[in-house]
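Protein chains in written order, with UniProt numbering: chain A, 1 to 247; chain B, 1 to 247. Glycine included, each C-beta is placed from N, C-alpha and C at the ideal position. Reviewing the structure listed below.
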């Protein structure tokens, strides 16, 4: 499972300052919608240039003009772009076609998608890399919110999925055990007293589980067809875990 | 009914060139999502500075962080911002609260919203200025697409609404007769051989109907409670119509 850091900040200066602290521990750097809307693709271009070895995820959250907006982000260096999972199929197809022309990928953001479990299967059929089961910040602020429901929806979809929305050290291993391909962490790193140490702790938690298997109780049973032991990424995961332990 | 010009271009230079041609004929200048994502709020700031007497609509299409994104656009000078109609209620509330603090407004974009007629009534209750019943460019490209269905959905909502998505000179009077508060026109102006003349033709069509009443057949009957004859804007509409005719 890869670790995606969601930078929910509005300025490039803040984003670059955060990247300097946490980039060594994360696989995917997510450039959030507010930052893109505030600074434009300049933000994507600057972060891509500074971190060429990282996967750069531009959270475009496209709802229309799929090819145009995807091309804009890919042209600035992004490796992954998001479209809203509830967008018209042709919007998704346009973004996927743009991605395939460049050997890049599209992620479907499932925020506010009704019937998200079935829709995720359709989106996988349309060619997205994975679906991000996602509770936005406004939804997380509600007292009834729990990331467990988001994890469970992703698991039920049986499509490749990531989980975003309040993932913390208490829930990261549940995310991994669910079979998610990516865990998205934002505030738990950004708002930590020491973001670098926080990112490192997530790295260790993920990589330790990759090497030794999941030890967290899986509340809803194993996902279908997704083994939870060390997978194809074991070699790289072990190296990362060793590095984190020895750091 | 006001005329909103949707600039579906990606660069500020293209947008300013279009504004120079059509601004005199339109009430609301819409800065599209691709332009905002490409150039950031700089685009909003530049257009607002050039057209201080126009209503500036920033098509932010916010799906989360309602207050943050609305504040960003209002801070750059926008008068109206859009949130997605399918967004979480708290996202809409956040944007509306930000608008009220500044005496500005929020528009709900109904693209891809299931149950959009009922949702529009909820959104009106949450405090949006109006709901934009909207078919995106990707949806319009489908052979089965008709703007009549979009108009009819807006009419049925009985909430204040605008219509966007392929509105042309053939349909503009149907939009007006439906009781829409705003007609959004994009490609029919932008792709016209002479955008200035095209915008002027929309202006004359709207203002003539405002003065003399609707002469187009209303296919689905009058909307409830919305008179179609000359309304409160008659004086201004007549001046505009006279000016357009005498131009």
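Chain B within 7 Å of residue i, Cβ atoms only
i, result
"residue 139 (chain A)", "yes"
"residue 75 (chain A)", "no"
"residue 37 (chain A)", "yes"
"residue 79 (chain A)", "no"
"residue 250 (chain A)", "What is shown of chain A runs 1 to 247, which leaves residue 250 (chain A) out entirely."
"residue 121 (chain A)", "no"
"residue 174 (chain A)", "no"
"residue 256 (chain A)", "In the structure displayed, chain A extends from 1 to 247; residue 256 (chain A) sits before or after that span and is not available."
"residue 90 (chain A)", "yes"
Residue i - DSSP class collapsed to helix/strand/coil
i, result
"residue 50 (chain B)", "helix"
"residue 26 (chain B)", "coil"
"residue 59 (chain A)", "strand"
"residue 87 (chain B)", "coil"
"residue 138 (chain B)", "helix"
"residue 179 (chain A)", "coil"
"residue 122 (chain A)", "helix"
"residue 164 (chain A)", "strand"
"residue 115 (chain A)", "coil"
"residue 150 (chain B)", "helix"
"residue 14 (chain B)", "helix"
"residue 221 (chain A)", "For residue 221 (chain A), the predicted model reports a pLDDT of 38, less than 50, meaning its position is unreliable; a value from the coordinates is still stated below. In this structure, residue 221 (chain A) counts as coil in the three-state DSSP scheme."
"residue 3 (chain B)", "strand"
"residue 19 (chain B)", "helix"
"residue 33 (chain A)", "helix"
"residue 109 (chain B)", "strand"
"residue 251 (chain A)", "The shown model of chain A, from 1 to 247, leaves out residue 251 (chain A), and the question about it has no answer."
"residue 132 (chain A)", "strand"
"residue 81 (chain B)", "strand"
"residue 71 (chain B)", "helix"
"residue 65 (chain A)", "coil"
"residue 258 (chain B)", "Since the first residue shown for chain B is 1 and the last is 247, residue 258 (chain B) is missing from the structure and cannot be characterised."
"residue 43 (chain A)", "helix"
"residue 250 (chain B)", "Look at the range of chain B in this structure, 1 to 247, and you will see that residue 250 (chain B) is not part of it."
"residue 92 (chain A)", "helix"
"residue 144 (chain A)", "coil"
Cutoff 7 Å: residue i Cβ touching any chain A Cβ
i, result
"residue 160 (chain B)", "no"
"residue 68 (chain B)", "yes"
"residue 147 (chain B)", "no"
"residue 201 (chain B)", "no"
"residue 165 (chain B)", "no"
"residue 65 (chain B)", "yes"
"residue 226 (chain B)", "Residue placement at residue 226 (chain B) is flagged as unreliable, the pLDDT there being 34, under the threshold of 50; the coordinate-derived value follows with that caveat. Taking Cβ atoms only, chain A never reaches closer than 7 Å to residue 226 (chain B), which makes this a no."
"residue 186 (chain B)", "no"
"residue 136 (chain B)", "yes"
"residue 71 (chain B)", "no"
"residue 252 (chain B)", "Lying outside 1 to 247, the shown extent of chain B, residue 252 (chain B) is not represented and no answer is given."
Check: residue i C-beta below 6 Å from any heavy atom of the ligand GDP
i, result
"residue 31 (chain A)", "The model depicted lacks the ligand GDP and carries no ligand whatsoever."
Residue-chain proximity (residue i, chain D), Cβ-Cβ < 7 Å
i, result
"residue 86 (chain A)", "Of the protein chains in this structure, namely A and B, none is chain D."
Notebook entry, point to check: Does the stretch 45-62 of chain B come close enough to the stretch 91-102 of chain A to have 3 or more Cβ pairs within less than 8 Å?
Noted result: no
Margin query: Counting beta carbon pairs with one atom in the stretch 142-151 of chain B and one in the stretch 159-170 of chain B, are three or more of them shorter than 8 Å?
Written below: yes
Checklist line | Stretch pair the stretch 2-19 of chain B + the stretch 182-190 of chain B: three plus CB contacts closer than 8 Å | finding: yes
Next item on the list: Determine which residues of the stretch 5-34 of chain B have a Cβ less than 9 Å from any Cβ of chain A, and write them out in chain order.
Entry: 8, 10, 32, 33, 34
Next item on the list: Could you run through the stretch 41-54 of chain B and flag, in chain order, every residue whose CB is less than 9 Å away from some CB of chain A?
Entry: For the stretch 41-54 of chain B, the beta-carbon criterion of a distance under 9 Å to any beta-carbon of chain A is satisfied by 41, 42, 43.
Checklist line | Cβ-based contacts, 7 Å cut-off: residues of the stretch 94-116 of chain B near chain A | finding: 94, 111, 112, 114
Margin query: Does the stretch 86-93 of chain A come into contact with the stretch 65-72 of chain A, if we say contact requires no fewer than three beta-carbon pairs (one atom in each stretch) closer than 8 Å?
Written below: yes
Next item on the list: Spell out a yes or no on whether the stretch 35-54 of chain A and the stretch 15-25 of chain B are touching, meaning 3 or more CB-CB pairs, one atom from each, closer than 8 Å.
Entry: no
Check: Should the stretch 113-126 of chain A be regarded as contacting the stretch 150-157 of chain A, the criterion being three or more beta carbon pairs within less than 8 Å?
Finding: yes
Next item on the list: Report the residue ranges of all alpha helix (DSSP H) runs contained in full by the stretch 177-213 of chain B; include only those spanning at least 4 residues, in chain order.
Entry: 187-190, 195-212
Notebook entry, point to check: Counting Cβ pairs closer than 8 Å, one from the stretch 105-113 of chain A and one from the stretch 30-39 of chain B, do we hit at least three?
Noted result: no
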